[in-house]
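Report on the following structure.
Numbering (this note's numbering), first residue to last: 54 to 405.
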């Protein structure tokens, strides 16, 4: 009886031992399945993420780099804070590189459009477009900008071509335009407007002098009270509307619209959706700002989208258009007068 009971006890103790071992094994397996030991606070959720989907989980030969690769491939997560920071640095460097390239391109464009006094050569034909200049750079031609205009608008292409030809200018001449609009308060609006006109005529070799007669004199260079005269020639225009905005285009919503008038004029009414960038803001005194300053002024604009700049007649708006050209924007010039005239026509049509 005692032996039987003893055997029963042995069996009981054996069963208890098996149960205990099973519990221990189960606990160990559970801890292993969680990717860590059973010590408090030792469970690593990121290790668990690395293990999910890894067919070799639990094998000692797994590469130590697998968790990093796994996390990056399957969860699109950086393997460490350092990796995340490194990625941000790379992205910042790429953006900076793009910005540097853009600035360099704009700098090159500035010198392609604007010519410094010291860069003028004997082959350049200087054209003074001031309205009533008493002095001219020696050897320059003179056509006051008003001669190209009929009221607030430009004359027809044939009429302008005739004026240029009578002054001895051909479509192939290397032109450098300079001059101020003193009634406008000075500045480059006259030369910017005539530059825009010449580009619209298809004149390729044309630039704007980054300075005026007084700047020329300050360098000790000669001036004259009379302009030069050249034999009449034939000017053959190759008209393009690439730089001219129209009502339908502006109304379509495709371009960004820049109101280059004063803040006060903008506040009194503008084209819907227009952005205010007053023409004075792109000037440093009476000259166009440098590319770094222009970049700040135009930071609100998307360089991948075309731009239309306007003022009441487009005359002063040509200054902002010129600055946009320098910065490499796809830019056109427009007038608020045309916008209002078309709005009035549409209103009359709708009232009928």
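C-beta: ideal position from N, C-alpha, C; glycine also.
Could you give the DSSP three-state label for residue i: helix, strand or coil?
i           : result
residue 250 : helix
residue 332 : helix
residue 337 : strand
residue 385 : strand
residue 380 : coil
residue 342 : coil
residue 299 : coil
residue 207 : strand
Excluding the 5 residues flanking residue i on each side, which residues of the same chain have their C-beta closer than 7 Å to its C-beta?
i           : result
residue 163 : 344, 379
residue 317 : none
residue 183 : 197, 232, 233, 243
residue 329 : 312, 316, 319
residue 286 : 218, 221, 222, 223
residue 276 : 188, 189, 190, 191, 266, 269, 270
Using the beta-carbon count (16 or more within 10 Å), is residue i buried or exposed?
i           : result
residue 193 : buried
residue 282 : exposed
residue 398 : exposed
residue 253 : buried
residue 289 : exposed
residue 219 : exposed
residue 320 : exposed
residue 368 : buried
residue 271 : exposed
residue 331 : buried
residue 167 : buried
residue 293 : exposed
residue 262 : buried
residue 487 : What is shown of the chain runs 54 to 405, which leaves residue 487 out entirely.
residue 195 : buried
residue 205 : exposed
residue 377 : buried
residue 411 : Residue 411 lies beyond the stretch modelled for the chain, which goes from 54 to 405, so this question has no answer here.
residue 404 : exposed
So, for residue i: in the same chain, excluding its five sequence neighbours on each side, which residues have a beta-carbon less than 6 Å away from its beta-carbon?
i           : result
residue 327 : 310, 312
residue 258 : 227
residue 179 : 190, 193, 229
residue 364 : 313, 314, 370
List the DSSP bridge partners of residue i.
i           : result
residue 362 : 311, 386
residue 180 : 194, 230
residue 202 : 207
residue 167 : 261
Within the 9 Å Cβ cut-off, does residue i reach chain B?
i           : result
residue 196 : Reference to chain B is not applicable here, since this structure consists of a single protein chain.
Excluding five sequence neighbours on each side, which residues of the same chain lie with their C-beta closer than 8 Å to the C-beta of residue i?
i           : result
residue 201 : 207, 208, 213, 216, 247, 250
residue 339 : 233, 239, 240, 241, 265
residue 308 : 298, 302, 358, 359, 360, 361, 385
residue 382 : 351, 354, 356, 359, 360
residue 237 : 243, 368, 369
Does the ligand SAM have a heavy atom nearer than 8 Å to the CB of residue i?
i           : result
residue 259 : As presented, the structure is devoid of all ligands, the ligand SAM included, so that no description of it is given.
Handout entry: beta strand (DSSP E) runs wholly inside the region 216–287, at least 3 long, in chain order
Key = Fully enclosed beta strand (DSSP E) runs of 3 or longer: 228–231, 259–262.
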